[in-house]
Structure formats: C-alpha cells, structure tokens
Amino acid sequence: MQTITLKSEENGKRIDAYVSSNTDITRSRAASLLEEGNITVNGVVPLKSYKLKIGDEICVNIPDPIELDVVAQDIPLDIVYEDEHLLVVNKPKGMVVHPAAGNYEGTLVNAILFHCKGSLSGINGVMRPGIVHRIDKDTSGLLIVAKNDTAHLFLAEQIKEHSFTREYEAVVHGNIKADNGSIDAPIGRHPVKRKQMAVTPENSKNAVTHFTVLQRFGEFTHVRLRLETGRTHQIRVHMSYIGHAVAGDEVYGPKNVVKGLGGQCLHAKKIGFIHPQTHEYMEFDSELPQYFNSFLAKMN
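Residue numbers (this note's numbering): -12 to 287.
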C-alpha cells in the first residue's frame, strides 16, 4: 500500500492522471485499480473523474499479480526484430492478439508466452502480457511486444505523446478525389450498437488519421494511412465516416461484402519508436501480404 498526500501544485488534477504521474503505472491501469476499489481518497473509493483537493490522502494498493491462466502454445511467429527488451512481430490476418471470450487459444499472446518463456511485461494484466498496442483480428501487420514493465511504460508514453510511428496501407471503397488529407473527428462507443465505435461528440476522444492516395481503381482506392492517435477501430471508423470504408470490412463497410477477402483489406505496414534502452529511433517496414497483393492484382 502506497500513501500520497496531495501537493498544492497538483490541486484539481484528476485522480487517475495523478496516480499515473506519481507511480509507475499507466493511466489506464490506474483507472482499472479505481474500478477494483484499490485506490481510495480519504478512505473512500472515488470516481476516476474525481478532481483532487489540497490535503487529500490518496492510498494506492497494487494487488499481487494473478497467476496467468493462459496456455503457452508453440505457434510460429514472424519475428521482425527481437532483443532483451522487446520484439516486433508481423501478425498474420485472422490471428487474434489477446485471449477473450471465444478465443482463449491460438492468439498472439499464447504464441509469445511460449516464445518468451515468461519474460513479458505485466502492465496490461494477465490476459494481455507484453501487449503495448493491438491490431484487429482481420488486420495484418506489425506490432510491438514489451518484455518488461520499464520497456512497456517507455513505449506506451510514446504512443500517448503521438511520437510513435504507425503507418498502414488499405484498399477502400470508392474513388478518393483528394491526393491526401486528414480526418480529425472524435471517436467513442456507438450510442446504439455498443460493440462498435463511431464518430460521436458524446463520451469520445479526439482522433486524427492522415491519408495519402497511392493508386486509384475507380471502384476502389489504394491508400497509405498514418495514425496520429490510436483509438479502437480508428482507421475503419474514420474511412467509413468519410464514405470510403475499408474493403472487406464487415462491420463498418457496405453490406455487399467484397468476396474472397475474409475481413478488411488493412495492413499495419510500418512501425517506428525510440528504443527504451538505447534511446535510438528504430523503424521497421513489412511487405504487403499475399491477400493484399492478390486483391490489388485483380484491379490492375
């Protein structure tokens, strides 16, 4: 149990932000601890939006790690880079990143547990060890895995500060007239379809996606996309919002699903970050996968 007394210069700060800045845990982890009743202010569990007052006594209890109940599986991994702090993996289309209801085996987490033999950060909990960021099941491409908490926090801070390079390529419906542009529209939970995200002013977070047209096919457009923020389903929601949904997207796209794609034509092609130990900038680029190139070939 850690006890902190609020200093005057941090008066009015939100409890989740305050705990994150005064401990070694992320803001999302602080929010989880609040929900679990492991953070109190003056002996009472506050809302995560509670704004602190001078003299408040904050107690933070970080529970002992729960033994991971996820099976390590010997699943082949396409490892682009690896050292003692992190690894960069090229995830295939169709692979779930972390276990969840209906997908407790065959995930990327199952595979990295076997590969790393327990050397993974535990910041995102027992079901997401080492996972700094994620990509959807039907999105292929690069993502980074942290092997320890120090590396995880360092990388997560870069994502928070928008200094983490993430570039995608996609084929989208329709003919985008502008050669490039930006989509600046807040994303939050869909007000009716709760399993979906949407551009909405209610309970949302700012979201910015930059796009560049690579090739036009009339009915479809091949684009490069750079994330400035990293909201859930951001590219898929933003492209649908401007009338150019990602081809094959069965959730945010048109009802006449593109046959043969088996999910959206979206690939996380490039990733760049400052290494947590060397502090040198590293960047990795992956080739477009076969399903993507086959789809492009059909239109040429």
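Quick reminder that beta carbons are idealized off the backbone N, C-alpha and C, glycines included.
Taking C-beta separations shorter than 6 Å and ignoring five residues to either side along the sequence, the partners of G250 in its chain run D125 and G235, following chain order.
Between V245 and T208 a beta carbon distance of about 13 Å is seen, past the 8 Å cut, so the two are scored as non-contacting. If you ignore the 5 residues before and after A18, its C-beta comes within less than 8 Å of the C-beta of D3 and K35, all in its own chain and listed in chain order. For K257, the secondary structure class from DSSP, reduced to helix, strand or coil, is strand.
Here the alpha carbon of S191 sits roughly 10 Å from the alpha carbon of M184. Taking one beta carbon from each stretch, the region 71 to 83 and the region 129 to 141 have 3 or more pairs nearer than 8 Å; the two touch.
With respect to the 8 Å criterion, G117 and I146 are not classified as neighbours on the basis of their beta carbons. One thing to note: R213 has its Cβ within 8 Å of the Cβ of H197. Going by DSSP, R176 is part of the beta strand (DSSP E) stretching over I174 to R176. The Cβ atoms of K256 and E148 lie no closer than 8 Å to each other. Assignment of L107 by DSSP, reduced to helix, strand and coil, places it in the coil class. Put simply, of E69, K0 and V67 the residue whose alpha carbon is nearest the alpha carbon of Y37 is K0. Counting only residues of its own chain and dropping the five nearest sequence neighbours on each side, A232 has a CB closer than 7 Å to the CB of V159, H160, M226, Y239, G240 and P241. Looking at the DSSP output, V159 sits in a beta bridge with T208 and V233.
Note on geometry: alpha-carbon atoms of G175 and T187 lie some 6 Å from one another.
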